[in-house]
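Residues 657 to 735 in the working numbering are what the sequence shown spells out, letter by letter. For every residue, glycine included, the Cβ atom is placed at its ideal position computed from N, Cα and C. What follows is a short report on a single structure.
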Amino acid sequence: LEGSSDGIVVLNRQGYVVEANESYARMLGCTLAETLSLHVSDWDAQWTPVELDDIVASRQFVGRTFETVHRRRDGSTYN
Numbered sequence: 657l658e659g660s661s662d663g664i665v666v667l668n669r670q671g672y673v674v675e676a677n678e679s680y681a682r683m684l685g686c687t688l689a690e691t692l693s694l695h696v697s698d699w700d701a702q703w704t705p706v707e708l709d710d711i712v713a714s715r716q717f718v719g720r721t722f723e724t725v726h727r728r729r730d731g732s733t734y735n
């Protein structure tokens, strides 16, 4: 993960971050330690928390990429 300049984050089935790299933390405007305590709903600007829970809990999600519209700490968004 650290060798990549791309931001990478890995979520568990509950939507919490279990692994991320520094690039991803910078993208969110957080430290890596802060990023490791987040839930996908903390940065997603596209779906509601309930919709996100359904998405990450679905069997179709396992082992797949998942793109969101990200909300940075300063409130700006990007995808």
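Any chance you could list the alpha helix (DSSP H) runs of at least 4 consecutive residues sitting entirely within the region 669-715, in chain order? Counting only runs of 4 or more, we get 678-684, 688-691, 705-713.
Cα-Cα separation, Gly659 to Ala676: Counting from one through the sequence shown, the residue named residue 659 turns up at place 3. Counting from one through the sequence shown, the residue named residue 676 turns up at place 20. Distance between the alpha carbons of Gly659 and Ala676: 12 Å.
Indicate the three-state DSSP secondary structure (helix, strand or coil) for Arg727 in the structure shown. Translated into positions along the sequence shown, residue 727 becomes position 71. In the structure shown, Arg727 sits in a strand (DSSP, three-state: E or B).
For the beta strand (DSSP E) that Leu657 lies in, which residues bound it at each end? Translated into positions along the sequence shown, residue 657 becomes position 1. Per DSSP, Leu657 lies in no beta strand (DSSP E) and is assigned neither H nor E.
Quick one: what's got a C-beta closer than 6 Å to Arg728's C-beta in the same chain, skipping five residues either side? The count along the sequence shown starts at 1 and reaches residue 728 at position 72. The residues are Leu684, Gly685.
Alpha carbon to alpha carbon, how far is Leu704 from Val665? Locating residue 704 in the sequence shown gives position 48, where the first residue counts as 1. Locating residue 665 in the sequence shown gives position 9, where the first residue counts as 1. In the sequence as presented, Leu is not what sits at residue 704; that position holds Thr. Whole-angstrom Cα-Cα distance: 19 Å.
Buried or exposed: where does Asp730 fall if 16 or more other Cβ atoms within 10 Å of its Cβ makes it buried? Counting from 1 along the sequence shown, the entry for residue 730 is found at position 74. Asp730 comes out exposed.
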